[in-house]
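With the working numbering applied, the sequence shown corresponds to residues 6 to 156, in that order. Beta carbons: idealized from backbone N, C-alpha and C, even for Gly. Data first, discussion second: the structure below is written as structure tokens.
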Amino acid sequence: MRTHSTDGKAVRIEARVTSLTGIYWGTLAPFEAKDAHDELLKSIEGRAGAELMTATVFDRESGAKCGRYDVAVDARSGDGCGMYRSIMLEPSTGEIHDLATPPLWYQYKDPEDVVVKVHKFLTDMKFFENLDAFTHHAIDRAEAEEKGQIH
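The following block contains the structure:
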């Protein structure tokens with residue numbers, strides 16, 4: 006299981022999952038493939054020279070860290086993809102889960118543009134208002150995959 010890498014420190018969220026009605030993110034910074042989610046790496050497979058960047062996401066109301074946007078850009082094609090990720094601690098079991106949306110692809114003008122487009126897509130589908138449902142679905146699915154019930 007991977008942890009978020011932010012300024013060399015792991016970020017683990019140990020709070021109950023609540024809806025987020027407003028978020029903001031910091032500046033995009035480069036990060037290494039070893040810290041990328043497997044689905045992001047699969048998504049850019051075969052794209053030589055793709056750059057990876059990440060931005061920490063904060064809850065607008067409390068200022069608490071609540072995840073990150075990971076972005077991969079291919080300057081040669083003008084394609085960029087991004088995903089929202091969050092590390093969650095399941096209080097009942099103590100298990101840590103690396104939850105991520107699927108990578109979403111867009112044409113972009115700069116890497117920040119990818120974050121804006123991913124954020125808009127997720128906001129339009131009310132993802133942040135329904136974060137608890139996503140979390141429970143993702144955790145249940147991961148547990149079923151580990152048990153061999155889903156391939």
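Taken atom to atom, the span from the alpha-carbon of residue 64 to that of residue 70 is near 6 Å. A direct Cα-Cα distance of roughly 11 Å separates residue 82 from residue 53. Between residue 77 and residue 55, the C-beta spacing is below 7 Å.
Counting only the Cα atoms, residue 114 lies some 16 Å from residue 124. If you draw a 10 Å sphere on the C-beta of residue 89, you find 16 or more other C-beta atoms in it, and that means buried.
Per DSSP, reduced to three states, the secondary structure at residue 117 is helical. In this model, residue 138 and residue 50 are separated by some 30 Å (Cα to Cα).
A buried status is given to residue 74, since no fewer than 16 other beta-carbon atoms sit within 10 Å of its beta-carbon. Contact check for residue 62 against residue 87 fails: the beta carbons are separated by 7 Å or more. For residue 44, there is no enclosing beta strand (DSSP E); the residue is found in the alpha helix (DSSP H) stretching over 43-49. In the three-state reduction of the DSSP assignment, residue 63 falls in the strand class.
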